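Notes follow once the structure below has been shown.
Protein chains in written order, with this note's numbering: chain A, 1 to 98; chain B, 99 to 598.
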């Protein structure tokens with residue numbers, strides 16, 4: 001058994017900014033427990049002498065020329081915004097009212 | 099149905115070049131087919147009728163004026179709805195992006211436009227490409243043209259179904275753990291995952307950036323090579339794009355010569371877990387290749403048994419980061435909390451709760467777990483080490499073989515709903531396709547025949563940057579098998595909606 005329980009999933013959901021009902025938390029805890037149990041075998045072969053691979057085909061120092069390229073107009077950038085005002089994205093209050 | 103839709107893209111290109119048909123006729127024939135059968139198949143999320151016909155008319159005019167055109171000019175194509183397009187909605191199969199209009203084109207779309215290929219529309223997928231059945235689409239599942247009660251594979255079930263239902267001669271897909279190859283296998287079509295970095299990812303909505311790759315979905319190996327040459331090549335907009343030339347892929351596909359080719363059978367990708375029907379078609383394929391003069395040898399990749407585990411740590415980790423941008427601020431869905439304070443943080447939580455489906459949430463939470471303090475080394479760190487071990491297995495295998503071979507998927511298409519409530523069973527569909535993504539090597543799935551009336555796929559894998567070998571081996575096997583079937587496998591597919 002892994003250590004994934006309802007409290008752990010609730011914590012992860014908070015970190016990931018996904019609101020979940022009690023029912024969803026229970027269901028996901030059960031599912032993730034099975035998944036983590038099946039995939040943790042990777043630890044068996046991950047010996048200290050094996051280097052990590054983060055990218056399959058390593059490339060280094062990929063830079064572009066330092067020149068102005070194509071950019072979106074303000075109008076296009078805001079075209080899909082759920083809410084906008086005065087040429088900016090508009091969001092609800094950042095701080096709680098209290 | 100019009101005979102035009104049964105032709106390969108290569109054949110259509112010939113007919114167009116000889117002015118025996120017009121692009122308008124070809125494009126209209128495919129739009130008619132979509133209208134006739136897509137109510138059953140549900141391969142398309144958006145049909146791009148007006149623009150497709152306008153591009154077709156434009157190509158016809160240019161041809162009449164004697165302009166020099168690309169070989170595939172006027173041949174229509176369908177686009178997986180994970181790839182962003184100006185003028186057509188891009189949803190990624192998610193409510194989160196319903197109605198979103200991309201302000202820019204993906205690099206592959208710019209290339210399709212430059213070749214003047216009419217885009218028929220956007221095809222269905224598992225939400226954000228997460229799934230192996232297309233059942234995780236927020237807009238309903240796509241159905242397998244061979245049996246409408248069965249899944250078309252995933253995540254690119256829409257592109258594979260569109261091609262195998264003759265709704266499009268060509269399609270684009272994306273492959274993170276098998277999303278091009280596994281749907282191709284279960285629908286009797288051809289799918290290619292190019293070498294990582296061989297095709298620009300700019301404008302493919304990211305799931306797992308170190309694994310994602312755009313590639314062709316077609317009915318013949320030659321068509322895949324033709325399309326691959328259109329979309330491949332260096333792109334400065336993608337920092338992981340390779341600078342190597344695309345290679346002589348079409349030439350390799352036209353050759354199909356497997357004489358003397360060393361073909362390595364991966365010991366670990368057969369036997370237990372693979373259905374008897376899949377194994378039988380696989381063994382027959384090996385026999386045909388031997389008969390054609392290939393040197394079939396056995397290779398062992400002992401670390402492949404850890405590949406699935408490594409994949410389900412790396413992929414969710416990267417996905418949880420990539421999907422953090424869907425927060426209801428700059429674009430996409432925004433939901434407001436039903437009660438309590440209305441802070442931006444709570445709006446994000448409500449937005450992501452309403453906008454994402456179950457599988458996406460599962461992977462984000464799993465990735466958040468694998469990356470969290472205290473678990474990072476044990477999970478994400480270990481998975482990255484397994485990637486190194488899988489790469490070493492490939493390197494050793496390619497010392498004794500020019501290409502490797504395995505079944506593409508362990509079973510034929512399963513029934514809709516069969517694995518929906520068992521995430522682990524669903525994940526096992528990708529056991530044979532995942533190693534290639536972890537190592538960045540290219541792979542192809544070609545039709546290998548039928549088992550109980552359903553298509554089986556045969557996969558070839560090649561070293562990184564050696565995609566041409568896939569086309570040579572794939573075309574070789576295609577030629578050998580079609581000689582035994584007396585024509586393409588898809589000629590045996592059942593009629594749809596009373597239309598054949």
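Glycine is no exception: its CB is placed at the ideal position from the N, C-alpha and C atoms.
What you are looking at is a predicted structure, and each value in this text was computed from that prediction instead of being measured.
Problem set entry | Nonlocal neighbours in the same chain, by C-beta distance under 6 Å from residue 568/B, ignoring five residues either side | Position 470 of the second chain holds residue 568/B. For residue 568/B, where only same-chain residues beyond five positions count, the Cβ hits under 6 Å are 540, 542, 558, 560.
Exercise. Should residue 50/A be flagged as near chain B, meaning a C-beta pair shorter than 8 Å?
Worked result: For the purposes of this step, residue 50/A is taken as the residue at position 50 of the first chain. It does: the Cβ of residue 50/A has a partner Cβ on chain B nearer than 8 Å.
For this session: List the residues of chain A whose Cβ lies closer than 9 Å to the Cβ of residue 300/B, in chain order.
Result: As a first step, residue 300/B is located in the second chain; it is residue number 202 there, counting from the start. Simply none; closest approach about 12 Å.
For this session: Using a threshold of 8 Å, state whether the C-beta atoms of residue 570/B and residue 333/B are closer than that.
Result: On the second chain, residue 570/B is found 472 positions in, with the first residue counted as 1. On the second chain, residue 333/B is found 235 positions in, with the first residue counted as 1. In this structure, the beta-carbon distance from residue 570/B to residue 333/B does not fall below 8 Å.
Exercise. Is there contact here, the stretch 428-437 of chain B with the stretch 397-414 of chain B, by at least three beta-carbon pairs under 8 Å?
Worked result: No, the stretch 428-437 of chain B does not touch the stretch 397-414 of chain B.
Problem set entry | CA nearest to the CA of residue 509/B, picked from 295/B, 222/B, 534/B, 379/B | Position 411 of the second chain, counted from the first residue, corresponds to residue 509/B. Considering only alpha carbons, the answer is 379/B.
For this session: Using a cut-off of 7 Å between C-beta atoms, extract the partners of residue 62/A located in chain B.
Result: Stepping through the first chain from its first residue, residue 62/A is reached at position 62. What residue 62/A touches in chain B: 337.
Problem set entry | Nonlocal neighbours in the same chain, by C-beta distance under 7 Å from residue 80/A, ignoring five residues either side | The residue given as residue 80/A occupies position 80 in the first chain. If we look at residue 80/A and ignore the five residues flanking it on each side, it has no Cβ neighbours.
Exercise. Where does the unbroken beta strand (DSSP E) through residue 288/B begin, and where does it stop?
Worked result: Reading the second chain from its first residue, position 190 is the one you call residue 288/B. Annotation: the continuous beta strand (DSSP E) that includes residue 288/B extends over 288-291.
Exercise. What separation, rounded to the nearest whole angstrom, lies between the Cα atoms of residue 580/B and residue 534/B?
Worked result: Within the second chain, numbered from 1, the residue matching residue 580/B stands at position 482. Within the second chain, numbered from 1, the residue matching residue 534/B stands at position 436. Rounded to the nearest whole angstrom, the C-alpha separation of residue 580/B and residue 534/B is 27 Å.
Problem set entry | Contacts around residue 1/A, its chain only, beta-carbon distance under 6 Å, and the 5 residues preceding and following it disregarded | In the first chain, the residue the question calls residue 1/A occupies position 1. In this predicted model, residue 1/A has a pLDDT of only 47, less than 50, meaning its place in the structure is not dependable enough to derive any value.
For this session: Pull up the CB-CB distance for residue 371/B and residue 529/B, whole angstroms please, since I reckon it's below 8 Å.
Result: Locating residue 371/B in the second chain gives position 273, where the first residue counts as 1. Locating residue 529/B in the second chain gives position 431, where the first residue counts as 1. 7 Å between Cβ atoms; contact.
Exercise. Which whole-angstrom value is the C-beta distance of residue 269/B and residue 178/B, which I expect to be below 8 Å?
Worked result: Locating residue 269/B in the second chain gives position 171, where the first residue counts as 1. Locating residue 178/B in the second chain gives position 80, where the first residue counts as 1. Contact flag correct, Cβ pair sits at about 7 Å.
Exercise. In three-state terms, what does DSSP make of residue 558/B?
Worked result: On the second chain, residue 558/B is found 460 positions in, with the first residue counted as 1. In the structure shown, the three-state DSSP call for residue 558/B is strand.
For this session: Rank 446/B, 234/B, 341/B by C-alpha distance to the C-alpha of residue 423/B and give the top, closest one.
Result: For this step, residue 423/B is matched to residue 325 along the second chain. Selected option, being the one with the closest Cα: 446/B.
Problem set entry | Expected contact under 8 Å - CB spacing of residue 170/B and residue 236/B to nearest Å | For the purposes of this step, residue 170/B is taken as the residue at position 72 of the second chain. For the purposes of this step, residue 236/B is taken as the residue at position 138 of the second chain. Going by Cβ atoms, the distance from residue 170/B to residue 236/B rounds to 32 Å, so no, they are not a contact pair.
Exercise. Which class does residue 176/B belong to by DSSP, given the choice of helix, strand or coil?
Worked result: As a first step, residue 176/B must be located in the second chain, where it is residue number 78. In the structure shown, the three-state DSSP call for residue 176/B is strand.
Exercise. Going by other Cβ atoms of all chains shown within 10 Å of its Cβ, with 16 needed for buried, is residue 369/B buried or exposed?
Worked result: Residue numbering aside, residue 369/B sits at position 271 when the second chain is read from its first letter. Exposed.
For this session: Confirm, please, whether the CB-CB distance from residue 223/B to residue 274/B is below 8 Å.
Result: Taking the second chain and counting its residues from 1, the one referred to as residue 274/B is at position 176. Taking the second chain and counting its residues from 1, the one referred to as residue 223/B is at position 125. Cβ distance not < 8 Å, so residue 274/B and residue 223/B don't count as in contact.
For this session: Consider the Cβ of residue 80/A: report whether some Cβ of chain B lies at a distance smaller than 8 Å.
Result: Your numbering for residue 80/A matches position 80 in the first chain. At least one chain B Cβ lies under 8 Å of residue 80/A.
Exercise. At which residue ranges does the stretch 423-466 of chain B contain complete alpha helix (DSSP H) runs of 4 or more residues, listed in the order of the chain?
Worked result: Runs found: 442-453.
Problem set entry | Closer than 8 Å to chain B by CB, residue 10/A | For the purposes of this step, residue 10/A is taken as residue 10 along the first chain, with counting starting at 1. Interface annotation, residue 10/A: not in contact with chain B, CB-CB separation never under 8 Å.
For this session: Taking residue 54/B as the query, report the chain A residues whose CB atoms sit under 7 Å from its CB, ordered along the chain.
Result: With chain B covering only 99 through 598, there is no way to say anything about residue 54/B.
Problem set entry | Exposure label - residue 35/A; buried when at least 16 CB within 10 Å | By one-based count along the first chain, residue 35/A stands at place 35. Residue 35/A should be labelled buried.
Exercise. Is any beta-carbon of chain A found at less than 8 Å from that of residue 361/B?
Worked result: Working through the second chain from its first residue, we reach residue 361/B at position 263. So, not an interface residue.
Exercise. Does any CB atom of chain A fall closer than 8 Å to the CB of residue 454/B?
Worked result: Position 356 of the second chain, counting from 1, holds the residue named residue 454/B. When Cβ-Cβ separations below 8 Å define contact, residue 454/B makes contact with chain A.
Exercise. Can you find a CB in chain B that lies within less than 8 Å of the CB of residue 67/A?
Worked result: In the first chain, residue 67/A corresponds to position 67, counting from 1. False, the Cβ-Cβ gap to chain B never drops below 8 Å.
For this session: Would you verify that the beta carbon of residue 185/B is, or is not, closer than 8 Å to some beta carbon of chain A?
Result: Taking the first residue of the second chain as 1, we reach residue 185/B at position 87. Proximity of residue 185/B to chain A, defined by a Cβ-Cβ separation below 8 Å, is not satisfied.
For this session: Flag residue 560/B as yes if its beta-carbon sits less than 8 Å from any beta-carbon of chain A, otherwise no.
Result: Walking along the second chain from the start, residue 560/B turns up at place 462. Contact of residue 560/B with chain A is not assigned, every C-beta pair being separated by 8 Å or more.
Problem set entry | Local Cβ density within 10 Å of residue 327/B, reported as buried at 16 or more and exposed below that | Walking along the second chain from the start, residue 327/B turns up at place 229. So residue 327/B ends up on the buried side.
For this session: Tell me, please, which residues DSSP counts as bridged to residue 85/B.
Result: With chain B covering 99 to 598 only, the question about residue 85/B has no answer from this structure.
Exercise. Start and end of the beta strand (DSSP E) containing residue 270/B?
Worked result: Taking the first residue of the second chain as 1, we reach residue 270/B at position 172. According to the DSSP assignment, residue 270/B belongs to the beta strand (DSSP E) that extends over 268-272.
Problem set entry | Contact with chain B by residue 46/A, beta-carbon distance below 8 Å | Here the question's residue 46/A lines up with position 46 in the first chain. Yes, residue 46/A counts as interfacial toward chain B.
For this session: Give the DSSP bridge partners of residue 59/A, in chain order.
Result: Position 59 of the first chain, counted from the first residue, corresponds to residue 59/A. Looking at the DSSP assignment, residue 59/A forms no beta bridge with any residue, so it has no partner.
Problem set entry | Reduced DSSP secondary structure (H/G/I, E/B, other) of residue 16/A | Working through the first chain from its first residue, we reach residue 16/A at position 16. In this structure, DSSP gives residue 16/A a state outside helix and strand, which the three-state scheme calls coil.
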